[in-house]
Amino acid sequence: MSAFLEIEGLTAHYGDFKALFGVDLTLDQGQTLAIIGANGAGKTTLMRAITGIARVTGGSIRLAGRDIARLPAPDILTAGIAMVPEGRRLFPSLTVEENLQIGAHARKGSGFWTLERIYTLFPILRERRTQPGTALSGGQQQMVAIGRALMSNPTVLLCDELSLGLAPVVIREIYAAFPTIRQSGTAIVVVEQDIGQALKVADHVHCMMEGRITLSGRPQDLSRAAIHDAYFGVNHA
Amino acid sequence: MIWLDTLVQGVMLGGLYALFAAGLSLVFGIMRLVNLAHGDLIVLGAYLILGIGTATGLNPFLAAALALPVMFAFGWLLQTALLNRVLGDDILPPLLVTFGLSVVIQNVLLQSMTADSRKLPVGPVESASLPLGPVTVGVMPLLTFGSAIVVILALNWLFYHTALGRAFRATSDDPVTAQLMGIRPRRIFAIATGIALVVATIAALYLGARANFDPSIGPARLLYAFEAVIIGGLGSLWGTLAGGMVIGVAQAFGAALNPEWQILAGHIAFVAVLLVRPRGLFPRAND
Ligand SMILES: Nc1ncnc2c1ncn2[C@@H]1O[C@H](COP(=O)(O)OP(=O)(O)OP(=O)(O)O)[C@@H](O)[C@H]1O
Ligand SMILES: [Mg+2]
Numbered sequence: 001m002s003a004f005l006e007i008e009g010l011t012a013h014y015g016d017f018k019a020l021f022g023v024d025l026t027l028d029q030g031q032t033l034a035i036i037g038a039n040g041a042g043k044t045t046l047m048r049a050i051t052g053i054a055r056v057t058g059g060s061i062r063l064a065g066r067d068i069a070r071l072p073a074p075d076i077l078t079a080g081i082a083m084v085p086e087g088r089r090l091f092p093s094l095t096v097e098e099n100l101q102i103g104a105h106a107r108k109g110s111g112f113w114t115l116e117r118i119y120t121l122f123p124i125l126r127e128r129r130t131q132p133g134t135a136l137s138g139g140q141q142q143m144v145a146i147g148r149a150l151m152s153n154p155t156v157l158l159c160d161e162l163s164l165g166l167a168p169v170v171i172r173e174i175y176a177a178f179p180t181i182r183q184s185g186t187a188i189v190v191v192e193q194d195i196g197q198a199l200k201v202a203d204h205v206h207c208m209m210e211g212r213i214t215l216s217g218r219p220q221d222l223s224r225a226a227i228h229d230a231y232f233g234v235n236h237a
Numbered sequence: 001m002i003w004l005d006t007l008v009q010g011v012m013l014g015g016l017y018a019l020f021a022a023g024l025s026l027v028f029g030i031m032r033l034v035n036l037a038h039g040d041l042i043v044l045g046a047y048l049i050l051g052i053g054t055a056t057g058l059n060p061f062l063a064a065a066l067a068l069p070v071m072f073a074f075g076w077l078l079q080t081a082l083l084n085r086v087l088g089d090d091i092l093p094p095l096l097v098t099f100g101l102s103v104v105i106q107n108v109l110l111q112s113m114t115a116d117s118r119k120l121p122v123g124p125v126e127s128a129s130l131p132l133g134p135v136t137v138g139v140m141p142l143l144t145f146g147s148a149i150v151v152i153l154a155l156n157w158l159f160y161h162t163a164l165g166r167a168f169r170a171t172s173d174d175p176v177t178a179q180l181m182g183i184r185p186r187r188i189f190a191i192a193t194g195i196a197l198v199v200a201t202i203a204a205l206y207l208g209a210r211a212n213f214d215p216s217i218g219p220a221r222l223l224y225a226f227e228a229v230i231i232g233g234l235g236s237l238w239g240t241l242a243g244g245m246v247i248g249v250a251q252a253f254g255a256a257l258n259p260e261w262q263i264l265a266g267h268i269a270f271v272a273v274l275l276v277r278p279r280g281l282f283p284r285a286n287d
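Chains A and B, in that order, give the protein sequences. Take the first sequence: its position 77, counting from 1, is numbered 77 in full-length UniProt numbering, and each next residue is one higher. Take the second sequence: its position 94, counting from 1, is numbered 94 in full-length UniProt numbering, and each next residue is one higher.
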């Protein structure tokens with residue numbers, strides 16, 4: 001099967017500052033991929049470039065054969081890529097339920113994900129549905145952010161640092177939703193600083209450093225030492 | 001009894017100021033744009049109503065109904081062709097552009113309509129009045145106040161109970177994340193400015209029916225609108241109505257004491273409220 005999301009030679013800039021140096025990456029339908037890397041490696045920039053928020057200055061992003069690099073962000077969502085942004089970024093003026101509903105703003109037709117299915121996935125959100133999104137705990141806000149992204153019925157779900165600032169038990173609760181999300185046919189890309197978590201959920205791992213992918217492979221094939229080197233830039237030739 | 005009468009007059013006048021202010025507040029709330037041409041756009045609306053009325057022979061109320069979609073389209077175009085281009089992190093360019101727009105509208109109206117004062121001929125309803133308990137209230141002031149309430153109810157419904165309103169609030173909160181939801185902020189802004197000009201046209205109807213207008217009176221209406229919004233506290237339309245009422249009541253009492261004090265009394269009330277409550281009467285908690 002040819003890759004479903006195909007990124008080739010992707011570069012991105014913030015003004016004159018080059019943040020991505022020719023990133024190559026492929027994702028098959030229904031696959032879960034993890035991107036790990038230290039602070040400032042360019043993980044968020046990669047997510048933002050894919051979703052049309054960061055300025056792509058070179059390379060291509062193909063989704064099911066169609067080049068979507070340089071499309072405006074709303075068109076990329078409509079094409080099927082949704083993101084759970086770093087820091088969750090719920091809308092403070094919207095209730096929990098409205099935050100979920102707005103995820104379906106541009107959606108046409110039906111699909112697997114509905115409010116009802118999100119509430120089944122994260123039952124606590126049903127109880128909190130009339131509260132402002134930002135009044136919830138960090139973990140619950142993360143659930144809203146995931147649900148909001150799912151409401152567009154994406155074929156690719158990008159998750160930037162789901163576990164940031166959350167207690168281990170909460171992180172486990174959130175990652176417990178992944179099997180259901182995968183079963184809905186959605187491919188997932190997770191960005192994680194928590195390497196253990198990344199290796200656990202992903203069937204493929206990429207390590208980033210200074211705007212480049214320095215190591216890729218299946219979790220079972222990568223040695224701790226190789227990951228450590230790629231992560232911290234030790235001995236990397 | 002004369003004081004009670006004055007109080008009621010002032011409250012009704014507050015409805016007019018709330019109508020001036022609602023569109024300004026809507027646009028500021030959604031895109032952080034201070035539209036310095038808002039008062040002139042209201043005056044433009046009054047001339048449009050007058051023009052439609054003259055051309056078709058319709059009375060100003062019906063002419064205003066025809067003017068509403070025209071002004072919506074004009075607002076949409078204005079935002080798309082001009083204002084969207086200058087919106088950004090820097091608040092100075094939009095201020096300069098709307099200031100320029102204000103000057104342009106005044107001069108175009110001056111050239112095409114002359115400096116003569118006009119009035120919208122609403123007919124016998126202008127002098128009609130109703131006994132309301134101990135006071136007698138004019139039908140036009142009552143209509144003005146009632147329209148302000150209807151406009152505020154409608155805008156609140158739009159904001160809090162429709163998908164469009166949800167998109168307005170989300171875009172106002174965080175335009176970048178809104179794009180990740182498939183929302184196009186520039187389209188949202190164009191619709192918002194269209195709606196603001198619809199409200200401005202309703203304000204124009206009552207402005208032009210109540211008193212004379214000419215091309216130069218826009219900036220003073222903008223000032224009343226600003227004062228109403230700021231007294232009320234940014235972000236609350238009911239607060240804006242309360243703000244309008246404070247100015248209206250102050251002006252009515254000022255005028256009752258001495259006709260020359262009317263305008264001054266409104267501004268003094270504005271300053272007095274800000275001295276006591278610098279963030280307005282009903283500030284939004286999360287600003
Ligand atoms: N808005 C911005 N303007 C300028 N430079 C930026 C901006 N955002 C990120 N950068 C720079 O781009 C590089 C990559 O940042 P990015 O946020 O993509 O890293 P990251 O891997 O997501 O890091 P973290 O783990 O801290 O989230 C860093 O050097 C950062 O300083
Ligand atoms: Mg990041």
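Where is the CB? At the ideal position from N, CA and C, for every residue including glycine.
Contact between Leu27(A) and Phe4(A) holds: CB atoms are separated by about 6 Å, below the 8 Å threshold. Under the 7 Å criterion on CB atoms, Thr177(B) is classed as interfacial with respect to chain A. Counting along the chain, the unbroken alpha helix (DSSP H) around Met31(B) starts and ends at Ile2 to Met31. Near chain A, meaning a CB-to-CB distance below 7 Å, the residues of the stretch 174-208 of chain B are Asp174, Val176, Thr177, Gln179, Leu180, Met181, Gly182, Ile183 and Arg184. Leu205(B) is positioned such that its CB atom lies no closer than 7 Å to that of Ile105(B).
Under the Cβ criterion of 7 Å, Ile61(A) is not counted among the residues facing chain B. Residue pairing by DSSP places Leu82(B) opposite no residue, since no beta bridge is assigned to it.
For Thr11(A), the distance from the CB to the nearest heavy atom of ligand 1 is not below 6 Å.
Within the stretch 137-199 of chain A, the beta strand (DSSP E) runs of at least 3 residues that lie entirely inside it are, in chain order, 156-160 and 187-192. Taking the Cβ atoms as the reference, Arg182(A) lies roughly 6 Å from Gly30(A), within the contact range of under 8 Å. Asp160(A) counts as buried, since at least 16 other C-beta atoms from the protein chains shown sit within 10 angstroms of its C-beta. Judged by their CB atoms, Val96(A) and Ala149(A) are not nearer to each other than the 7 Å cut-off.
Shortest gap from the CB of Thr78(A) to any heavy atom of ligand 1: 6 Å or more. Assigned with DSSP and collapsed to three states, Pro259(B) falls in helix. A distance criterion of 6 Å places the beta-carbon of Glu210(A) beyond contact range of ligand 2, judged by its closest non-hydrogen atom.
Against chain A, a Cβ distance below 8 Å from Ser172(B) picks out Ser93.
Look at Phe168(B): its beta carbon is at least 6 Å from all of the heavy atoms in ligand 1. Interface annotation for the stretch 87-113 of chain A against chain B: Arg89, Phe91, Pro92, Ser93, Leu94, Glu98, Gln101, Ile102, Gly103, His105 and Ala106, criterion Cβ-Cβ distance under 7 Å. Within the chosen limit of 6 Å, ligand 1 reaches the beta carbon of Lys43(A) through at least one heavy atom. With a threshold of 7 Å between beta carbons, Arg169(B) makes contact with chain A. Contact annotation, Ser216(A) with Val205(A): C-beta distance approximately 7 Å; criterion of less than 8 Å satisfied. Looking only at Asn39(A), Leu77(A) and Lys200(A), the smallest Cα-Cα distance to Ala176(A) is reached by Lys200(A). Rounded to whole angstroms, the Cβ separation of Thr193(B) and Gly51(B) is 21 Å, and the two are not in contact under 8 Å. Think of a sphere of 9 Å around the beta carbon of Arg32(B): no beta carbon from chain A falls inside it, the nearest being about 14 Å out. Within the chosen limit of 6 Å, ligand 1 does not reach the beta carbon of Ala230(A) with any heavy atom. In this structure, Ala230(A) places its C-beta atom within 7 Å of the C-beta atom of Cys207(A).
In the structure shown, Ser216(A) falls within a strand segment according to DSSP collapsed to helix, strand and coil.
When the beta-carbon positions are compared, Phe20(B) and Ala225(B) come within less than 7 Å of each other. Listed in chain order, the positions of the stretch 49-79 of chain A with a beta carbon within less than 8 Å of a beta carbon of chain B are Thr51, Gly52, Ile53, Pro72, Ala73, Pro74, Leu77 and Thr78. Annotation for Phe99(B): no beta strand (DSSP E) segment contains it, though the alpha helix (DSSP H) segment containing it runs Leu92 to Met113.
Ala209(B) places its beta carbon less than 7 Å from that of Val122(B).
Non-local C-beta neighbours of Ala167(A) in its own chain, meaning closer than 8 Å and more than five positions away in sequence, comprise Gly139, ordered along the chain. Counting C-beta pairs with one atom in each stretch, the stretch 176-193 of chain B and the stretch 51-70 of chain A have three or more that are closer than 8 Å, which means they touch.
In the displayed model, Gly9(A) falls within a strand according to three-state DSSP. Here Ile174(A) is actually not in contact with Met151(A); their C-beta atoms are around 17 Å apart, not less than 8 Å. Taking C-beta separations shorter than 7 Å and ignoring five residues to either side along the sequence, the partners of Pro215(B) in its chain run Val43, Gln106, Leu109, Leu110, Met113 and Ala115, following chain order.
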